[in-house]
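Chains as they are written, first to last, in our numbering: chain R, 1 to 246; chain E, 247 to 492; chain H, 493 to 738; chain Z, 739 to 984; chain X, 985 to 1230; chain C, 1231 to 1476. The next block holds one structure in the form of structure tokens; read it before the comments.
6 protein chains.
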Amino acid sequence: MSLSRPSGRAADQMRPISIQRGYTRHAEGSVLISFGGTRVLCTASVDNKVPGFLRGKGEGWVTAEYGMLPRATHSRSDREAARGKQGGRTLEIQRLIGRALRACVDRGALGERTITLDCDVLQADGGTRTAAITGAYVALVDAVNWLKARNDIKPGKGGRDPIHGAVAAVSAGIYRGVPVLDLDYAEDSDCDTDMNIVMNDGGGFIELQGTAEGHAFRRDELNGLLALGEKGINELFAAQREALAG
Amino acid sequence: MSLSRPSGRAADQMRPISIQRGYTRHAEGSVLISFGGTRVLCTASVDNKVPGFLRGKGEGWVTAEYGMLPRATHSRSDREAARGKQGGRTLEIQRLIGRALRACVDRGALGERTITLDCDVLQADGGTRTAAITGAYVALVDAVNWLKARNDIKPGKGGRDPIHGAVAAVSAGIYRGVPVLDLDYAEDSDCDTDMNIVMNDGGGFIELQGTAEGHAFRRDELNGLLALGEKGINELFAAQREALAG
Amino acid sequence: MSLSRPSGRAADQMRPISIQRGYTRHAEGSVLISFGGTRVLCTASVDNKVPGFLRGKGEGWVTAEYGMLPRATHSRSDREAARGKQGGRTLEIQRLIGRALRACVDRGALGERTITLDCDVLQADGGTRTAAITGAYVALVDAVNWLKARNDIKPGKGGRDPIHGAVAAVSAGIYRGVPVLDLDYAEDSDCDTDMNIVMNDGGGFIELQGTAEGHAFRRDELNGLLALGEKGINELFAAQREALAG
Amino acid sequence: MSLSRPSGRAADQMRPISIQRGYTRHAEGSVLISFGGTRVLCTASVDNKVPGFLRGKGEGWVTAEYGMLPRATHSRSDREAARGKQGGRTLEIQRLIGRALRACVDRGALGERTITLDCDVLQADGGTRTAAITGAYVALVDAVNWLKARNDIKPGKGGRDPIHGAVAAVSAGIYRGVPVLDLDYAEDSDCDTDMNIVMNDGGGFIELQGTAEGHAFRRDELNGLLALGEKGINELFAAQREALAG
Amino acid sequence: MSLSRPSGRAADQMRPISIQRGYTRHAEGSVLISFGGTRVLCTASVDNKVPGFLRGKGEGWVTAEYGMLPRATHSRSDREAARGKQGGRTLEIQRLIGRALRACVDRGALGERTITLDCDVLQADGGTRTAAITGAYVALVDAVNWLKARNDIKPGKGGRDPIHGAVAAVSAGIYRGVPVLDLDYAEDSDCDTDMNIVMNDGGGFIELQGTAEGHAFRRDELNGLLALGEKGINELFAAQREALAG
Amino acid sequence: MSLSRPSGRAADQMRPISIQRGYTRHAEGSVLISFGGTRVLCTASVDNKVPGFLRGKGEGWVTAEYGMLPRATHSRSDREAARGKQGGRTLEIQRLIGRALRACVDRGALGERTITLDCDVLQADGGTRTAAITGAYVALVDAVNWLKARNDIKPGKGGRDPIHGAVAAVSAGIYRGVPVLDLDYAEDSDCDTDMNIVMNDGGGFIELQGTAEGHAFRRDELNGLLALGEKGINELFAAQREALAG
């Protein structure tokens, strides 16, 4: 089936990815990640405390908060701080980011310490949650390396690195009947199915969230989306490695 | 692989399902649904207004709210009304229920009218969101039939029923290495992967949410979970039909 | 004066009362009480902590929270958790329930332990606060018996039971000029005076709240309402005893 | 039975009452009322709007808000505006004040107009709600007279004054076994039963709220309290009349 | 340039000042201050605790809260406690009052103790924040003297009084082209520049806040306003001394 | 007096200024401004509505919101959206930014239209409010030019540009006894007096806020600070002009 994506991309083509470490100065990890026009600032902050439910257990915690600058979007959205609460979408996304990143951390090795990943969208063009997860992973590695450099962290189980494997995320969806990778805003607001895929670099799924916004999707369509997702995520792992090597 | 589920159920065995219509008196649809020890009261309320973003468009809206009585759970949770906000989990679930039910409604046929599905958990034993979706569907059908009986509703596109197809949901997960259907609380709090599957009775997926709480899951595990889900959902469709025929 | 109550009841006739213990599974006491069409789920939850102002004093605490499911009523009310605060009526009722139940408890015998009575209205047809008090008493007794069965509770002063005497509540009002017992919604929304009466089984008043919604009431009318209330409350004590014996 | 009240008052003796009209400048009615050491500023504000549920019905509304300055009390309480919500006690009291004052107003005569009674406690020594009701009545009369002076108000039904009869309130309680009138803080915090009585000057009860804080009270005790209340309220009516004549 | 102030005052003339100590009974310091029609009740409350950031440092804290009764103003404003939050103006003013008063206190001499200055506007006619600062100073002195009388306070550094020097505040502005002192509401709502000046009695500036509400102001205009402010503040110091001597 | 600023700057030396227009894509004006290590993203959003108090008056509105990313600072601050309210400092700053920018706009020329200036601090090193004002001015000009390009805006009074004159802001303070320009964080947290100066390019003061954080400041010190401020602001006007010409 022939397809014309608004951006002219091929169905299995990611937008240009850029990962810039050290974007701001104070955080233990600070990464500006772009998936095309989507730009998210991901900072990792180390705090020598854990939430109440973990106190005294010798384990650490990794959590995330997500925000969108009011004019990151086409039309201005209300500032959540001014409205006095975070919306359901925001809470849902930050819970997803937190779960995704915890999946690659040996929390015992962290010690009683919290790493908070703040993902703030400076500019939105679709895929902000997948960019956030992918960038937050790099910020997390930087924060853990900062701890290691200060000898503030124990080795993980069996001497392994406290971070076991990489985590990245991408979206795929069915746009005008064709499965496509890494939806931008124009596609996202006009697609039938939208799927967010989070994987580790061992090829396992960490999180899978698919929503039929128009027609329900079939097993073969699901398989097509997962194949696209795997392809895209492998490109993201390469971009993460390159950034961390830089 | 041999398996011992805490409940003694077979791996592909649902808990006993019961669907009681007309559970309370005032709502246009009122259903008490049980998945084993999980009991959710689902009411459908018709209101002749739509949210601002739909005003004047001639379309209706279907939305959901979810709540848990404070002592629905093993230990008492704070009352969200007293804390002054709904938690992230609550918002996430009610957004899911709303999306799932909208997937089977011809909103043009509803007219400028909102149907609100309130899903309140009286007793929780795992799977509250899947029970809520499955029960809310029945309450929704009752509310639409109430509208039809008053001749208050137009036929859907092409003369079809405003409700096109049924919607039901079930969970599946990997418990001690084995894929199992319809997790109860004992399994849910001790499983590696938890997947919520929402389907329509045409065999299409409406929503798929899988989370690796322990090890990441592989494609073959995903396929096993989806097969279980399809089996369970077909049993739920039968239970819904039986209740609506009753 | 002849009278026609909407329900056809005699002026001094209660609605049918039903008290079902063990309605839900997790709470230490769980009671579904019905006064006619009014159905309230009352759970008692034991927690081994007390509020700050009692810490270290060796006394316990009994408190209540009240809620109404959004579609317990004729037309749907906003969910208080979604609005972000409990309304004045809710707070007023839950304060009343807490005071009423504390009046029958030897808090020294409880030890440093809180019993929370959650009263959630599943269906409303007038008299929800009086049904809540009457049902919460039964749930409280069950919770205290649960503590006794675990030998977790000291005898009250002088070896008495930690619960000294029963508590029940009923409403009475002046409907179309005639004092009537146990107002239902149709009467409540169209009466001149509405009185809520809480008594113990020693014949003493614990709380008396009378409001003239139309004309102010006179001493003789007050006396008539109190006589009706005493009669109704004695029937409620019998229903409580029967339920607890069951 | 002999009695020694902390203040040396006789059992049926009110504290000194003072009612000062025109205490502040901007409000249509502004009254500083003192019951002994309790001082409440009551203002009546006229607004040419009604709440949504009355719009277009040609009726007015009377409502009240209650507040306590943080250091009106022996030890400083949190400022409710800073805590971000009004407490249950505050809401309960302001609902009571509103109901009490609506009982003496012909709302049809008000027209589509709201009178808000703000009762702010400058200094608390027991009985703030009864002082508030008694003072708010005077402020309300001043506001209605202000409207009449501008010919902005229709006559009430049958040409009567829009305010039909006076309203005042007092507390009575059982202190060390003896019924006493107009409890001050020392008595209020150490009494067995506390009753708030709101009456009109036709001798009818508008609101009656009695709470057993220690032992439950008997019918004869109730009668004693009501007799005290009637005596006190008649003194308050005299004080109101004197103030309004002044 | 000739000028006609709405009040008929000379350009450098303050409104009549009155400072009444002991206005309410419970607070350690309680002052009703009037600048003409502006009346603010300032109470000082001593609490033997400090905020978290000072715990264990042996220093005290001085802080302020500001409020306006709903009908202190020409038309009624919403009650902040009912709206559920303090507005920006309120927070800004209470932060200013707190900073201003801390500038005259030796916090080491206070010990681990907080003095809270509650400034509640009973009637507003312009200049509420400057009246609040000027009155709160007197209440603060009374509270410190109360502590001294109980021998609860150490001498300040070098044996000095814990309060070093007085603090007072006044506004000045450019009204119809002419610099004038102590703006009332009529001037404040119609002036080009509004400046609030806080000084100590050593002639130093503690806070200076000037806002051009119409045309930007020039250096010479600023100098004129500061000269007026100094004159006014010296009169306020005299009024404070007289009140404290009284 | 010799001085050693932590940054090695001369007493009257600004930090390097950079103003980057078009930093994000969606806003009508989008400017990233840096004062040394302080980086603020300022966006201007045009909305064809005005707040209620201006409706129907034919005038526009300019307002501002301010935020700080949680890890813009040395240690992570709570996210205001998660805490559920904006702090007093935030509200104070955004009110200041709004007032400052309104001072250079002919609101009649805007028509019934709001321009919202969102100033979000990506990295903080002192002077965020002055950088925000200076950058927001450039974003505002871009938004007004966008309106002009669409012929959506009338000429200002007398055919003048709707923006009359530039606005910029800088801080000055007394650091270790010496007046210095443009405080960075190290100086700001250790200075005696901190002054924020907002001026227009006609040499007039728009806002002046000076706070003695240690010793009160004298007239000659004030004069020194104002002279520094004027020098710095002139450099900022040059930077704004250069950016707008670019």
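Built from N, CA and C at the ideal position, the CB exists for glycine as well.
In whole angstroms, what separates the C-alpha of Gly411 (chain E) from that of Ile452 (chain E)? 12 angstroms
For the stretch 1078-1105 of chain X, which residues have a beta carbon sitting closer than 7 angstroms to at least one beta carbon of chain Z? If you check each beta-carbon in the stretch 1078-1105 of chain X against every beta-carbon of chain Z, the ones closer than 7 angstroms belong to Thr1100, Asp1102, Asp1104.
Proximity of Arg71 (chain R) and Ser1275 (chain C) at Cβ, strictly below 7 angstroms: Yes, the Cβ-Cβ distance between Arg71 (chain R) and Ser1275 (chain C) is below 7 angstroms.
Using the DSSP secondary-structure output, state which residues sit across from Ile420 (chain E) in a beta bridge. Note: Ile420 (chain E) sits in a beta bridge opposite E:Pro425, E:Thr439.
Can you tell me whether Arg587 (chain H) is helix, strand or coil according to DSSP? Residue state, collapsed to three classes: helix.
Would a C-beta distance cut-off of 7 angstroms place Glu797 (chain Z) and Gly846 (chain Z) closer than the cut-off? yes
Roughly how far, in whole angstroms, is the beta-carbon of Leu720 (chain H) from the beta-carbon of Gly702 (chain H), given that I think they are within contact range, below 8 angstroms? Their Cβ separation, rounded to whole angstroms, is 12 angstroms, which puts Leu720 (chain H) and Gly702 (chain H) out of contact at 8 angstroms.
Which word fits Phe545 (chain H), buried or exposed, when buried means at least 16 other C-beta atoms lie within 10 angstroms of its C-beta? exposed
For the stretch 1053-1069 of chain X against the stretch 1102-1111 of chain X, do three or more pairs of beta-carbon atoms, one drawn from each stretch, fall closer than 8 angstroms, so that the two count as touching? yes
Contained beta strand (DSSP E) runs [length at least 3] in the stretch 1024-1074 of chain X, N- to C-terminal order: 1045-1052
Segment limits, beta strand (DSSP E) that includes Asp1350 (chain C): Judged by DSSP secondary structure, Asp1350 (chain C) falls within the beta strand (DSSP E) whose first and last residues are 1344-1353.
Relative to the alpha-carbon of Asp184 (chain R), which residue among R:Thr134, R:Leu147, R:Thr128 has its alpha-carbon at the smallest distance? Of R:Thr134, R:Leu147, R:Thr128, the residue nearest in Cα terms is R:Thr128.
Using a threshold of 7 angstroms, state whether the C-beta atoms of Ala1399 (chain C) and Thr1364 (chain C) are closer than that. Taking 7 angstroms as the Cβ cut-off, Ala1399 (chain C) and Thr1364 (chain C) qualify as a contacting pair.
Identify which residue in C:Asp1355, C:Tyr1367, C:Ser1237 has its Cα closest to the Cα of Thr1293 (chain C). C:Tyr1367
So with Cβ pairs under 7 angstroms, would you call Glu230 (chain R) a contact of chain E? no
How big is the Cα-Cα spacing for Gln240 (chain R) and Asp1418 (chain C)? 38 angstroms
Would you say Thr622 (chain H) and Ser569 (chain H) are within 7 angstroms of each other, going by their C-beta atoms? no
Are there 16 or more other CB atoms within 10 angstroms of the CB of Glu980 (chain Z), so buried, or fewer, so exposed? With fewer than 16 Cβ atoms within 10 Å of its Cβ, Glu980 (chain Z) is classed as exposed.
Count the other CB atoms within 10 Å of the CB of Ser522 (chain H); is the residue buried (16 or more) or exposed (fewer)? So Ser522 (chain H) counts as buried.
Contact defined as beta carbons within less than 8 angstroms: I believe Glu1443 (chain C) pairs with Asp1422 (chain C). What is the distance between those atoms, to the nearest angstrom? Approximately 6 angstroms separates the beta-carbon atoms of Glu1443 (chain C) and Asp1422 (chain C); this is inside 8 angstroms, confirming the contact.
At least one CB of chain Z closer than 7 angstroms to the CB of Gly559 (chain H): is that the case? no
Relative to the C-alpha of Gly37 (chain R), which residue among R:Leu91, R:Tyr175, R:Ala124, R:Trp146 is closest? R:Ala124
Can you tell me whether DSSP reads Ile17 (chain R) as helix, strand or coil? strand
Report the option in H:Ala708, H:Asp504, H:Gly514, H:Pro498 whose CA atom is closest to the CA atom of Pro638 (chain H). Per the sequence shown, the amino acid found at residue 638 (chain H) is Trp instead of Pro. When each option's Cα is compared against that of Trp638 (chain H), the closest is H:Gly514.
Alpha-carbon spacing of Glu1465 (chain C) relative to Arg827 (chain Z), whole angstroms: 58 angstroms
Burial state of Arg642 (chain H), where buried means 16 or more other Cβ atoms lie within 10 Å: Around the beta carbon of Arg642 (chain H), a 10 Å sphere encloses fewer than 16 other beta carbons of the protein chains shown; the residue is thus reported as exposed.
Return helix, strand or coil for Gly1259 (chain C), following the three-state DSSP convention. Strand.
Going by DSSP in three states, Gly460 (chain E) sits in which element: helix, strand or coil? coil
So which of X:Leu1124, X:Arg1079, X:Leu1210 has the shortest CA-CA distance to Met1179 (chain X)? Of the candidates X:Leu1124, X:Arg1079, X:Leu1210, the one whose C-alpha sits nearest the C-alpha of Met1179 (chain X) is X:Leu1210.
So with CB distances below 8 angstroms, who are the chain H contacts of Ala950 (chain Z)? Ala595, Gly696, Phe697, Ile698, Glu699
Counting C-beta neighbours from all protein chains within 10 Å, is the total for Asp142 (chain R) 16 or more, i.e. buried, or is it exposed? buried
Work out the CA separation of Leu208 (chain R) and Leu454 (chain E) for me, nearest whole Å. 7 angstroms
Minimum Cβ-Cβ distance from Phe237 (chain R) to chain E less than 7 angstroms: no
Taking 7 angstroms as the threshold (beta carbon to beta carbon), is Arg83 (chain R) in contact with chain E? Taking Cβ atoms only, chain E never reaches closer than 7 angstroms to Arg83 (chain R), which makes this a no.
Could you run through the stretch 1271-1294 of chain C and flag, in chain order, every residue whose CB is less than 8 angstroms away from some CB of chain R? Leu1271, Thr1273, Ser1275, Asp1277
What is the rounded straight-line gap between the Cα of Arg218 (chain R) and the Cα of Asp190 (chain R)? 19 angstroms
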